[in-house]
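Note that the working numbering has the sequence shown beginning at 28, numbered continuously upward.
Notes for the one structure printed next.
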Amino acid sequence: MDCWQQTHAARENPASVDQTSSYPGKLLLLKETRMSAEIIDGKAIAKEIQAEIKTLVANFVDETNCKPVLAAVLVGDDPASQVYVRNKERACKRVGIESQLHRMSADSTTEDVLQKVVSLNTNPEVNGILVQLPLPPEVDEQLVLDAVNPDKDVDAFHPTNVGLISQGRPRYLPCTPHGIVQMLFRSGVQTTGKRVCVIGRSDIVGKPMAMMLAQKNCALGSAMANATVTLCHSRTQGLAEIASSCDILIAAIGKPNFVTAEMIKPGAVVIDVGINRTEDGLVGDVDFEAASEVASKITPVPGGVGPLTVTMLLSNTLAAAQYQTEHSFGASAV
Ligand code: NAD
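Right, dumping it as structure tokens:
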């Protein structure tokens with residue numbers, strides 16, 4: 028048995044491990060590294076940031092006599108999307124941002140949705156545009172997202188914004204990865220010099236997350252950048268070994284309990300992005316109970332990354348209103 032196999036076997040079945048093998052300290056090490064991770068409370072961090080945003084919004088309104096406006100486009104009646112949009116509307120209200128909901132029927136065509144986006148692009152009262160995903164299968168999602176004016180693209184999905192992020196000069200940051208950086212920062216976790224494993228290469232979470240952490244700097248300072256990032260995906264070989272060598276593990280896969288304790292380096296920080304609806308309710312991508320015994324800090328599901336995603340959307344909407352005011356367009360009169 029090599030070191031890796033022995034570690035795995037010891038966690039599965041301690042009696043199976045040859046105590047006289049060439050790794051005599053391994054079991055002792057496992058015992059010593061068993062810990063109860065500190066929970067990173069996403070709800071509390073989101074509340075703290077929303078209070079800050081509320082103050083900044085009030086200052087913006089005082090200075091400009093205009094209120095930031097977020098327009099959400101909701102096509103069809105997907106129940107999860109309805110909940111997400113409602114949560115975003117409530118969050119806007121909490122911080123003083125005006126929200127508009129543009130409902131469109133499930134049989135809308137790509138052309139219909141494009142027309143809606145174009146009308147919001149040219150509406151000077153609207154600062155931020157959010158197209159709730161997923162769109163019905165008949166609607167060309169890429170075409171719609173590409174049609175959003177990059178200055179109003181508060182999800183930061185437009186190629187212009189993705190390009191700016193990749194060059195290290197972002198205008199807006201994508202909400203979930205931005206929320207994760209904020210969580211790490213406000214929990215006292217620095218990323219500079221750390222090994223980070225991101226599992227999942229979606230355009231919404233995994234890819235921008237990896238890109239942001241690998242930059243030389245960010246708005247929170249170089250301590251929250253400069254990571255050595257490994258981006259893992261469905262074709263990665265030796266994923267468990269890569270993951271368990273990293274100081275920070277970010278899971279964005281969409282598979283319940285995919286990340287087991289064996290994939291986590293003792294003392295690592297674990298960020299669980301996954302939201303999976305199961306018979307046991309909402310669960311993440313990480314086996315929370317087992318992971319909590321190995322990690323030093325961990326996010327729960329629910330109550331972890333989710334509240335931060337909504338919060339960073341508010342931050343981007345304010346940033347969009349500020350940007351557009353400086354460039355002489357947008358922001359509605361109070
Ligand atoms: P996605 O569904 O677009 O892609 C999943 C990724 O996981 C893919 O890149 C794929 O390569 C990878 N993957 C799949 N199987 C794998 C395997 N066996 N090994 C390694 N990698 C594998 O991803 P997404 O949109 O980023 O969503 C991921 C999860 O995060 C979902 O559960 C989603 O609901 C959740 N999510 C949560 C938030 C939040 O705010 N908490 C935001 C966005 C997404």
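Just so you know, even glycine gets a beta-carbon here, dropped at the ideal spot from N, CA and C.
Every value quoted in this text rests on a predicted model; they were computed, and no experiment measured them.
Is the CB-CB distance between residue i and residue j below 8 Å?
i, j, result
"Asp312", "Ala288", "no"
"Ile325", "Ala64", "yes"
"Arg196", "Asn188", "no"
"Ile291", "Ser261", "no"
"Ala73", "Leu335", "yes"
"Met239", "Ile67", "no"
"Gly333", "Gly69", "yes"
"Leu141", "Leu170", "yes"
"Ala250", "Gln217", "yes"
"Ile80", "Leu345", "yes"
"Glu165", "Thr203", "no"
"Val300", "Val256", "no"
In whole angstroms, give me the CA-to-CA distance for residue i and residue j.
i, j, result
"Glu306", "Pro329", "15 Å"
"Val286", "His205", "22 Å"
"Met236", "Lys282", "19 Å"
"Leu172", "Ile269", "34 Å"
"Cys119", "Gln264", "43 Å"
"Glu353", "Val112", "28 Å"
"Leu276", "Gly215", "16 Å"
"Met131", "Val181", "20 Å"
"Cys93", "Glu138", "32 Å"
Give me the residue from the options with the minimum Cα distance to residue i.
i, options, result
"Cys273", "Pro283, Asn284, Lys282, Ile298", "Ile298"
"Gly123", "Asn114, Leu160, Pro95", "Pro95"
"Gln193", "Cys245, Ala98, Gln169", "In the sequence as displayed, the identity of residue 193 is Ser instead of Gln. Nearest option by C-alpha distance: Cys245."
"Ser126", "Ser135, Asn154, Thr336", "Asn154"
"Thr219", "Met239, Met238, Glu152, Ala252", "Ala252"
"Lys179", "Gln109, Leu335, Thr149, Pro161", "Thr149"
"Arg304", "Val166, Ile67, Pro106, Ala254", "Pro106"
"Phe184", "Val166, Leu160, Asp134", "Leu160"
"Ala295", "Ser319, Gly301, Lys234", "Ser319"
"Tyr350", "Ser108, His129, Pro151", "Pro151"
"Val144", "Asn284, Phe212, Pro177", "Pro177"
"Thr221", "Gly331, Pro201, Gln242", "It should be noted that the sequence gives Lys, not Thr, for residue 221. The option with the nearest alpha carbon to Lys221 is Gln242."
"Asp134", "Val110, Ser323, Ser108, Leu162", "Leu162"
"Glu75", "Arg213, Met131, Ser355", "Arg213"
"Ala317", "Leu200, Asn284, Ser355, Gly308", "Asn284"
Should residue i be counted as a contact of the ligand MG given a C-beta to heavy atom distance under 7 Å?
i, result
"Arg117", "In the structure shown, the ligand MG is absent; the only ligands present are the ligand NAD."
Whole alpha helix (DSSP H) runs in the stretch 79 to 127 with 4 or more residues, listed along the chain?
106 to 122
Would you be able to state if there are at least three C-beta pairs under 8 Å between the stretch 226 to 233 and the stretch 86 to 98?
no
Where are the alpha helix (DSSP H) runs, 4 residues long or more, that stay fully inside the stretch 238 to 284, in chain order?
266 to 270
Tell me, please, whether the stretch 96 to 110 touches the stretch 143 to 159 by the rule of three or more beta-carbon pairs shorter than 8 Å.
yes
Quick test of the definition: if touching needs 3 or more C-beta pairs under 8 Å, does the stretch 105 to 121 touch the stretch 340 to 351?
yes
Counting only runs that start and end within the stretch 209 to 240, where is the beta strand (DSSP E) found for 3 or more residues in a row?
222 to 226
Where are the alpha helix (DSSP H) runs, 4 residues long or more, that stay fully inside the stretch 290 to 361, in chain order?
315 to 319, 332 to 353
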